[in-house]
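Letter by letter, the sequence shown follows residues 5 to 269 in the working numbering. First up is the structure itself, then whatever we jot down about it.
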Amino acid sequence: MKRTTVVAAVVAVTLLSWPGTALAAPPDNDDFDNAIPVSGALPFTDTVSSAEATTAADDPEPCANGVVSSVWYRFTPTRSGLYVATGTAQPYGAFLSVFTGTRGALTPVVCGSNRGAWSAEAGTTYHLMVSAFPWSPPGGDFTFELDGPAVLGVTLDPSGWVDPRTGFARLSGTVTCRATHYTRVEGELLQRVGGRTVSDIFGLDAPTCDGTVRRWAAEARAPERFVSGRATVWVQVYACPDNATCLSDLVEGDVTLFNRRYGPG
Numbered sequence: 005m006k007r008t009t010v011v012a013a014v015v016a017v018t019l020l021s022w023p024g025t026a027l028a029a030p031p032d033n034d035d036f037d038n039a040i041p042v043s044g045a046l047p048f049t050d051t052v053s054s055a056e057a058t059t060a061a062d063d064p065e066p067c068a069n070g071v072v073s074s075v076w077y078r079f080t081p082t083r084s085g086l087y088v089a090t091g092t093a094q095p096y097g098a099f100l101s102v103f104t105g106t107r108g109a110l111t112p113v114v115c116g117s118n119r120g121a122w123s124a125e126a127g128t129t130y131h132l133m134v135s136a137f138p139w140s141p142p143g144g145d146f147t148f149e150l151d152g153p154a155v156l157g158v159t160l161d162p163s164g165w166v167d168p169r170t171g172f173a174r175l176s177g178t179v180t181c182r183a184t185h186y187t188r189v190e191g192e193l194l195q196r197v198g199g200r201t202v203s204d205i206f207g208l209d210a211p212t213c214d215g216t217v218r219r220w221a222a223e224a225r226a227p228e229r230f231v232s233g234r235a236t237v238w239v240q241v242y243a244c245p246d247n248a249t250c251l252s253d254l255v256e257g258d259v260t261l262f263n264r265r266y267g268p269g
């Protein structure tokens, strides 16, 4: 008789516990009630991860668009003036919204893509929300910046130079700007020479806008040539902190041009 032995194989299945990646916590200022207060000297800058940022049921819709994720800041200025806030998100950008009021009863002040400027009153609390575009993919960082009050001013030196070889004139002065984003200096030099008016318009990008008084210099060129003597100048500096707000400062006056060789030759 043939005996068949059946051996039962017991297969032990071991469940392996693979090291997992812990989920990141929402940023500290994810909720309105936990807004980061902005205090001390400006400019203020803060960067947080948006990977786990959430939305609250009562988060207002920025610029009539849906809220995907948001973080909050709170600012009470000690000086009235024009303030500029920037909110960006990688890689597509973000909405920057400013409100007054209380939770559930917020009044919009300004809203824009990445940047907003508003006239703030000292002692009034402003709530600032940075929120991702609805079409943005998850992840990336939110960066928030606040600066102000905005400053913009320009001066003109009472004398300048004209190169007798070329008839080119050089003018100069100072420019002061802060919280103004892109800033430009433009002007025109006019001079009566032999019964006719010689003129040229000049322009240049403003130096660094950090509130420091800085020098500007520009060259005016005209086919008819400037000469030494008296001339009239207007100079304007202008800037647009956001798409809806522009500032300018204008100075006009007479300058005396002196002969002086400069440049090559």
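The beta carbon of each residue, even a glycine, is placed where N, CA and C say it ideally should be. Keep in mind that this is a model prediction, so the values were computed, not measured.
Simplified DSSP assignment, three categories, for C67: helix
Can you say whether Y77 is buried or exposed, counting buried as having 16 or more other CB atoms within 10 angstroms of its CB? buried
Checklist entry - Which runs of the alpha helix (DSSP H), 4 residues or longer, sit entirely within the segment 151-213? => result The segment 151-213 contains no whole alpha helix (DSSP H) run of 4 or more residues.
- Spell out the partners DSSP gives F146 in its beta bridges. V52, A93
Quick one: measure Cβ to Cβ for A222 and F206, integer angstroms, because I've assumed they're closer than 8 angstroms. 4 angstroms
Query raised in the report: Can you list the beta strand (DSSP E) stretches of 3 or more residues lying completely in the segment 103-145, in chain order?
Result: 109-117, 119-124, 130-136
Query raised in the report: What's the call for L19, buried or exposed, on a 16-neighbour Cβ count within 10 Å?
Result: Low confidence applies to L19: its pLDDT is 33, below 50, so where it sits in the model is not reliable, and the reading given next is rough at best. The residue in question, L19, is exposed, as its Cβ has fewer than 16 Cβ neighbours within 10 Å.
Exercise. Does the separation of the CB atoms of A121 and L156 fall below 8 angstroms?
Worked result: In this structure, A121 lies away from L156, with their beta-carbon atoms at least 8 angstroms apart.
task: Taking only the alpha-carbon atoms, compute the straight-line gap between A126 and S203 and give it to the nearest angstrom.
output: Those two C-alpha atoms are separated by around 45 angstroms.
Taking all protein chains shown into account, do 16 or more other C-beta atoms lie within 10 angstroms of the C-beta of W165, making it buried, or fewer, making it exposed?
-> Counting Cβ neighbours within 10 Å, W165 comes out buried, since at least 16 surround it.
N38 by DSSP, collapsed to three states: which one?
helix
With a threshold of 7 angstroms on Cβ separation, who are the neighbours of G257 within its own chain once the five nearest residues in sequence on each side are excluded?
L160, V237
query = Rounded to a whole number of angstroms, what is the C-alpha to C-alpha distance between C181 and S54?
reply = 32 angstroms
Smallest Cα separation from S73: which of S84, R83, G91, T80?
G91
| field | Reduced DSSP category for T25 - H, G, I as helix; E, B as strand; rest coil | value | Only weak support exists for where T25 lies, its pLDDT of 42 falling under 50; the value from the coordinates is given anyway. Three-state result, T25: coil.
Backbone CA spacing between R119 and L100 [nearest angstrom]: Rounded to whole angstroms, the gap between the alpha carbons of R119 and L100 is 6 angstroms.
Problem set entry | Unbroken beta strand (DSSP E) run spanning R83, endpoints | Careful: R83 lies outside any beta strand (DSSP E) and carries neither H nor E.
Tell me the rounded alpha-carbon separation between Y186 and C244. 7 angstroms
If distances are taken between C-alpha atoms only, which option among A154, F262, F103, D37 comes closest to A235? F262
Residue of R196, G152, M133 minimising C-alpha distance to V52:
Closest option to V52, Cα to Cα, is M133.
| request: Give me the Cα-Cα distance between V241 and V42, rounded to the nearest whole angstrom. | output: 30 angstroms
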